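Numbering (the working numbering), first residue to last: 440 to 675.
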């Protein structure tokens, strides 16, 4: 096991306590299950997955990693939370998923070990949970082969995001456990774009992720005011 100073022990503990519920679609992780088809389709549309070498950074219990492996990608999921990784390994074993593997390693350590090793790197719903998200972005870039793709998703930092992602999602609608997010750690698109540029990544596309409380459904949109996704390519 390799560790990193770019980690918040409280954040790891928070998700580890719920690890046994990761694959329950009616649990606290229900939003991840519901948005997974949307983000998976967007990744595949832009980068393609079949036959690709893929890294999922901050993979948690493996919801996205396993889905990408099902699209014939060879996937490595990494995280620093031991219990969710155990859940991910067990679920893949039970489902007979053969093209996915998991490691407990920091992305910065893996970048030093295996630079330019992947065709696609995903880092979804993770940047807002680490002390130095720019370090994660830079490490993701170092792991990419020239011309390959990186995908990020996170939360915008503005009053609307505070109302919807914290007050609404955590306290009113109960979509997430209270305390899941800390507003000060939300990231403006301009900040993430700067970190990407500084790391040699070229922004290709952005999408917003919106939730309709009446239909209880998510959709991708052009509104990046709250949840948003970036698709970038490493300069060739």
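Don't be surprised by glycine CBs; every beta carbon is placed ideally from N, CA and C.
The structure presented is a predicted model; accordingly, all values stated were derived computationally and were not measured.
The three-state reading of DSSP puts residue 636 in helix, counting H, G and I together. When C-beta atoms of the stretch 571–579 are compared with those of the stretch 504–517, fewer than three pairs fall below 8 Å, so the two segments do not count as touching. A distance below 6 Å between beta-carbons, with the five flanking residues on each side excluded, links residue 638 to the following residues of its chain, in chain order: 576, 577 and 580. Between residue 538 and residue 521, the alpha-carbon positions lie close to 20 Å from each other.
Of 648, 536 and 673, the smallest CA-CA separation from residue 564 is found for 648.
With a cut-off of 8 Å on Cβ pairs, the stretch 588–598 is in contact with the stretch 648–668, counting three or more such pairs. Per DSSP, reduced to three states, the secondary structure at residue 594 is strand. The C-beta distance from residue 562 to residue 497 rounds to 6 Å, short enough to fall under 8 Å. If you draw a straight line from the Cα of residue 525 to the Cα of residue 597, it comes to about 36 Å. DSSP lists 670 as the beta-bridge partner residues of residue 644. Judged by DSSP in its simplified three-state form, residue 521 adopts helix. Apart from sequence neighbours up to five positions away, the residues of its chain that approach residue 492 with a beta-carbon distance below 6 Å are 513, 557 and 558, ordered along the chain. Scanning its chain for C-beta atoms nearer than 6 Å, with the 5 sequence neighbours on each side dropped, one finds around residue 508 the residues 514, 536, 538 and 539, in chain order. The C-beta of residue 602 has fewer than 16 other C-beta atoms within 10 Å across all chains shown, which makes the residue exposed. Between the alpha carbons of residue 468 and residue 523 lies a distance of about 12 Å.
C-alpha of residue 627 to C-alpha of residue 594: approximately 8 Å in a straight line. For the stretch 552–623, the full-length beta strand (DSSP E) segments reaching 3 residues or more read 557–563 and 583–594 along the chain.
Straight-line spacing of the CA atoms in residue 583 and residue 444 works out to 22 Å. Residue nearest to residue 555 within the set 518, 447 and 585 is 585 (criterion: CA-CA distance). By the neighbour-count criterion, in which 16 or more other beta carbons inside 10 Å mark a residue as buried, residue 546 falls on the buried side. For residue 473, no beta strand (DSSP E) encloses it; the enclosing alpha helix (DSSP H) starts and ends at 469–486.
When rounded, the separation of the alpha-carbon atoms in residue 449 and residue 643 is 34 Å.
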